[in-house]
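Visitor:
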Amino acid sequence: MLLNYKLTQATNQTSTLPVVLLHGLFGSLENLNIIGKALGENYDIINMDLRNHGLSPHAATHNYPSLANDVVETLKGLNIEKAYIVGHSMGGKVAMQIAHRHPDMVAKLVVLDIAPVAYHSRHDAIFSALNAVANVTISSRTQADEIMSVYIKEMGVRQFLLKSLQKNDSGEFNWRFNLDVLSAQYQNILTNIDANDSCLCETLFVKGSESDYILVEHRDVIAKLFPNSKGRVVHGAGHWLHAEKPLVVNKAIIDFLQ
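Mapping of the sequence shown onto the UniProt record's numbering: position 62 corresponds to residue 62, and the numbering continues sequentially without gaps.
1) Nearest by alpha-carbon distance to M105: which of A125, H120, K230 and C199 is it?
2) How big is the Cα-Cα spacing for N131 and S15?
3) Tell me the DSSP secondary structure of Q258 in three-state form.
4) Does K13 come out as helix, strand or coil in the three-state DSSP assignment?
5) Could you round the C-beta distance between V20 and A107 to whole angstroms and report it? I think they count as a contact, below 8 angstroms.
6) Is F226 near T203, with beta carbons less than 8 angstroms apart?
7) How would you write the range of the alpha helix (DSSP H) that Y119 sits in, first residue to last?
8) Beta strand (DSSP E) containing K167: first to last residue?
9) Looking at the structure shown, is V249 part of a helix, part of a strand, or coil, going by DSSP?
10) Classify K167: buried if its beta carbon has 16 or more other beta carbons within 10 angstroms, exposed otherwise.
11) Where do the N-terminal and C-terminal ends of the beta strand (DSSP E) with I45 fall, by residue?
12) Determine the contact status of I193 and M48, defining contact as a CB-CB distance below 8 angstroms.
13) Find out if the Cβ-Cβ distance for the pair S139, I114 is shorter than 8 angstroms.
14) Ordered along the chain, which non-local residues of its own chain (more than five positions away) have a Cβ less than 6 angstroms from that of S183?
15) Taking DSSP as the reference, what is the three-state secondary structure of Y213?
16) CB-CB under 8 angstroms to A144, same chain, minus the five flanking residues each way: which ones, in chain order?
17) CB-CB under 6 angstroms to V110, same chain, minus the five flanking residues each way: which ones, in chain order?
18) Output the residue ranges of the beta strand (DSSP E) runs that lie fully inside the stretch 76-112 and measure 3 residues or longer, sorted by chain position.
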């Protein structure tokens with residue numbers, strides 16, 4: 001599957017390899033813009049909408065091998081043989097899957113606040129909120145926000161989700177992401193990446209100190225699957241570390257890629 005993407009050329013290019021940015025669940029190619037702008041002076045930046053998100057095609061399957069193949073196919077369509085890959089959350093798992101399936105295409109790998117492991121369900125309230133909006137006819141974003149506030153108390157989370165609420169030509173509001181498939185395939189999103197051997201790609205794992213996505217007990221599997229990796233903790237940041245501490249996260253990425 002060819003994905004929707006945005007290519008931004010470097011203003012003062014110092015690297016022949018581009019940086020590919022991969023967003024997380026319920027997101028879109030705009031989510032990592034803050035990283036893209038920081039890197040955009042020296043690197044060409046490719047933001048992608050993953051399948052079932054943004055303006056990319058919808059599909060009945062949503063698993064990491066398929067998601068990784070989409071990115072690889074899109075890069076090949078752009079005649080890009082190798083790139084730096086940066087992924088956040090679900091996008092981080094996609095990035096890790098690419099590194100294991102196509103190590104020759106990954107110059108360096110940056111994984112933001114996710115481990116290559118299986119997780120327990122943690123989006124029940126979000127799915128309830130999204131379905132509550134989808135199941136009624138709404139006339140404004142404010143109305144959608146009010147409905148969602150019953151399930152999601154954090155305004156920042158609601159604002160993030162509302163970025164994917166679109167108004168069609170008929171004046172109806174609907175979600176840009178494929179809510180039905182993401183719900184049906186949710187276990188595939190929670191699961192570990194499909195890998196058993198080691199990937200020798202240089203890898204940086206960046207963790208928010210207040211996040212529980214990368215834990216001490218994940219060290220062994222990370223060391224096994226990515227033995228050439230190192231970690232960085234961003235203090236005072238949660239799962240959305242790139243938005244909460246952009247200067248720290250961007251510097252960590254820039255230093256690693258150089």
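Positions of the beta carbon are idealized from the N, C-alpha and C atoms, including for glycine.
Guide: With the given structure in hand:
1) If we check each option's Cα against that of M105, C199 comes out closest.
2) Distance between the alpha carbons of N131 and S15: 44 angstroms.
3) In this structure, Q258 counts as coil in the three-state DSSP scheme.
4) The sequence given here has Gln at residue 13, not Lys. Residue state, collapsed to three classes: coil.
5) V20 to A107, Cβ: 10 angstroms. No contact.
6) Yes, these two residues count as a Cβ contact at 8 angstroms.
7) From DSSP, Y119 is part of no alpha helix (DSSP H); its letter is neither H nor E.
8) Its beta strand (DSSP E) spans residues L165 to K167.
9) In the structure shown, V249 sits in a helix (DSSP, three-state: H, G or I).
10) Taking a 10 Å sphere around the C-beta of K167, we find fewer than 16 other C-beta atoms and assign the residue as exposed.
11) In the DSSP assignment, I45 falls within the beta strand (DSSP E) that extends over I45 to M48.
12) Not closer than 8 angstroms, so no.
13) Between S139 and I114, the C-beta gap is not smaller than 8 angstroms, which leaves the two residues out of contact.
14) The answer, listed in chain order, is F127.
15) When DSSP states are grouped into helix, strand and coil, Y213 belongs to the coil group.
16) Same-chain partners within the cutoff: V133, I138, L162, L165 and F173.
17) So the qualifying residues of the chain are V86, L204 and I253.
18) Runs of the beta strand (DSSP E) spanning 3 or more residues and lying entirely within the stretch 76-112 occur at 83-88 and 106-112, in chain order.
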